[in-house]
Every structure is written in C-alpha cells, then in structure tokens.
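The block underneath contains the structure these notes are about, expressed in structure tokens.
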C-alpha cells in the first residue's frame, strides 16, 4: 500500500508521515513548496505522475482572516483542490481521506454536533471547507471526509505549546477565551483512528474526534496547566489564567462559531475504542518531558 500525504508540514501531515513510516509503510509526502494547490492544472498533472493507493489530504487554508481577505485563494485551496484530488483518486480507484473542520457549523446551539447535524458556516473559511466536502463526496463517493478540531501534537507549535510557554513567563497570568467551545485532539490519536477506518473499508462523512468533555479555550488552558503540574513540567503551582470573550479580540474580524464540539456516532458504531483527549494531552506532554530530559 502506497500513501501520498498532501500537506506534509502541517500537524496532521507530519503525524501521518511519521507514524506510517514507523509502521514500515511506503509513504510520500508533499508540502506546499512542492505542489501549488491554488493551481489546479499543476496539481492535476502532479497527481497523475504520483504512484499511490491512498491519498491523505491534510492541507488547507485555515486562517480565518486570511480566508476573509483572499476569498478566491481560499476557494481554490479548500474547495477546488480537494475536488481535483478526489477526481484523480476516483479515476484510479484509490482511497482518499479529506480532512475538514467543525467550522462548517454555525455554533448557535449549545451541545454537541454529530454527523447528522445541519451545517451552516458563518465565515468564508467554513464555507470553502463545506464546499470541499461536497465536491469530494460528489467526485469520489467512497472517499472519507473527516471533520477534525483543535489539533495538538509534535511538528508545529499549537495552543498547548503556547500555554506551556506563557505559564512560566513574567507576564503570567495569560488570558484565554471563555465563550468558544470545541474538543481538542491529539494528532497521533487522529492518525490511529483514521488508519483503523481505512483498514475497515470505511467511507463517507465522519467526525474524527476524541472522547472527553467539550471545553472553552480557557478550560483547555486550565487542563494543560493541571497536566503540566501533574507531570512535573513546572516546579511550582501555576496561578489561574484570566478569561476574555471573543468580542474582546480585535484581531478577530471574521466571525467564529461558538458551540462546535463534535462527537461521532459512526466511530462508535465502527467498534473503535475512541481515546479521551485528556489522555492524549498527557501522552503529548510526557513526550515533551522526555525530549527536555535528553537535552
């Protein structure tokens, strides 16, 4: 089985490349430096020249303000490029996994979103990601469209790393948003869940998400602090962080949905034992501690 990973420098792309290689799989990874997702002709030609049995599209234009400022580019990368990938996969009967987002929901309803929940994106990023989902499923109905949220893990600095850095800085306590809710996910856990679905011949839409409570950014930061204290990553107890609201953030020009925590009825029915994100967080922090200990 030959794997082609698109978006090699992102969190998911890095995790897939690393874990598949550790499993002795044949993996080729492409970054944006190697393939221009905004150039459909170039992308289609590049894909035709690649040998693969499974394509993993981990790439995307994810900055909300960037998508707002460059809407055509966002549409090209988030909607048109996935369609081209799906068409190529369908033409050679290759498997495909396309990663999407919880931002396809409007976030107006408190609670959980599952695979049957209605979509209604409130910003251009969400609109283009939903268009990408629809394009992939239309071009390649046996593909997997996997919605993910709040990913952390090695390879790129994320919210977890930001909290770890800030909580030992002189200007602590840090301030975190308290009125936006979702579910964090460890990149390595997402890869393992996805490879299980591929092995089972799964297709269609799935919320690829860990179990555990939905949290605000503030509650997420508090859990990072608690885990860091528990694992001995800090030498003294950290004082509580401060809270803010989304409306207080001047940089947020694009609207953000409030309640987008996802759960999956399809993962449960697949028989997979879905991990708790809090366990994944501690696994990630233990890895950081080992790295620090080896320096």
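Numbering (our numbering), first residue to last: 61 to 355.
Ideal Cβ placement from N, Cα and C applies to all residues, glycine included.
What's the gap between the Cα of residue i and the Cα of residue j?
i: residue 276; j: residue 241; result: 4 Å
i: residue 303; j: residue 68; result: 34 Å
i: residue 129; j: residue 162; result: 21 Å
i: residue 254; j: residue 205; result: 11 Å
i: residue 172; j: residue 311; result: 27 Å
i: residue 229; j: residue 77; result: 33 Å
i: residue 260; j: residue 296; result: 47 Å
i: residue 293; j: residue 189; result: 37 Å
i: residue 207; j: residue 200; result: 17 Å
i: residue 233; j: residue 110; result: 49 Å
i: residue 271; j: residue 346; result: 20 Å
i: residue 154; j: residue 92; result: 22 Å
i: residue 122; j: residue 209; result: 12 Å
i: residue 342; j: residue 142; result: 33 Å
i: residue 106; j: residue 289; result: 48 Å
i: residue 80; j: residue 257; result: 15 Å
i: residue 309; j: residue 316; result: 11 Å
i: residue 134; j: residue 127; result: 5 Å
i: residue 245; j: residue 301; result: 22 Å
i: residue 328; j: residue 151; result: 31 Å
i: residue 355; j: residue 348; result: For residue 355, the predicted structure reports a pLDDT of 48, less than 50, and the residue's modelled location is therefore unreliable. The matter cannot be settled from this model.
i: residue 96; j: residue 335; result: 35 Å
i: residue 247; j: residue 72; result: 6 Å
i: residue 318; j: residue 237; result: 11 Å
i: residue 265; j: residue 149; result: 17 Å
i: residue 285; j: residue 103; result: 43 Å
i: residue 215; j: residue 88; result: 17 Å
i: residue 235; j: residue 314; result: 20 Å
Secondary structure at residue i, three-state DSSP: helix, strand or coil?
i: residue 206; result: strand
i: residue 85; result: coil
i: residue 189; result: helix
i: residue 66; result: strand
i: residue 345; result: helix
i: residue 155; result: strand
i: residue 357; result: Shown here, the chain extends from 61 to 355; a query on residue 357 therefore has no answer.
i: residue 200; result: coil
i: residue 114; result: strand
i: residue 302; result: strand
i: residue 237; result: strand
i: residue 100; result: helix
i: residue 265; result: strand
Rounded to whole angstroms, how far is the Cβ of residue i from the Cβ of residue j, which I believe are closer than 8 Å?
i: residue 330; j: residue 269; result: Wrong, their Cβ atoms sit about 13 Å apart, outside the cutoff.
i: residue 306; j: residue 239; result: 6 Å
i: residue 146; j: residue 114; result: 13 Å between Cβ atoms; not a contact.
i: residue 124; j: residue 63; result: With 8 Å as the limit, residue 124 and residue 63 do not qualify as a contact, their Cβ atoms being about 30 Å apart.
i: residue 75; j: residue 339; result: With a Cβ gap of about 16 Å, residue 75 and residue 339 do not count as contacting.
i: residue 158; j: residue 117; result: 5 Å
i: residue 263; j: residue 176; result: That belief does not hold up - the Cβ atoms of residue 263 and residue 176 are roughly 17 Å apart, past 8 Å.
How should residue i be labelled, buried or exposed, when 16 other C-beta atoms within 10 angstroms of its C-beta is the threshold for buried?
i: residue 61; result: exposed
i: residue 70; result: buried
i: residue 144; result: buried
i: residue 191; result: buried
i: residue 283; result: buried
i: residue 243; result: buried
i: residue 320; result: buried
i: residue 217; result: exposed
i: residue 94; result: exposed
i: residue 170; result: exposed
i: residue 273; result: exposed
i: residue 101; result: exposed
i: residue 226; result: buried
i: residue 90; result: buried
i: residue 267; result: buried
i: residue 249; result: buried
i: residue 120; result: buried
Could one say the Cβ of residue i lies closer than 8 Å to chain C's Cβ atoms, at least one of them?
i: residue 342; result: The structure shown contains no chain C; it holds only a single protein chain.
Q: Would you check if the stretch 213 to 221 and the stretch 165 to 182 touch, i.e. whether three or more CB-CB distances between them fall below 8 Å?
A: no
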